[in-house]
Amino acid sequence: MFKTFPKGGIHPPENKLTATKPIVVLPLPSTVTIPVSQHIGAPALPAVEKGDTVRT
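Each residue of the sequence shown is one higher than the one before, counting from 323 in my numbering.
In structure tokens:
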């Protein structure tokens, strides 16, 4: 078996751009769409109906 990554993992330089930036809490959106389609297996059964309001 051949190795695809060097020992120690990959450390791309791009991850350093946000190292000094603060974490910002974003406001919740008024509407959220969550797809429940699946590729294989039993169909997903949502616990809420379309248009229901849920708590955050």
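Cβ atoms here follow ideal geometry from the backbone N, Cα and C, with glycine treated the same way. Since this is a predicted model, take the numbers as computed values, not measurements.
- Rounded to the nearest whole angstrom, the C-alpha separation of I345 and P335 is 20 angstroms.
- In chain order, T378 place their CB closer than 8 angstroms to the CB of L350, counting only its own chain and leaving out the 5 sequence neighbours on each side.
- In this structure V358 touches A366 by the C-beta definition: roughly 4 angstroms separates them, less than 8 angstroms.
- When only Cα atoms are considered, A341 and T353 end up about 31 angstroms apart.
- Here the alpha carbon of D374 sits roughly 25 angstroms from the alpha carbon of V347.
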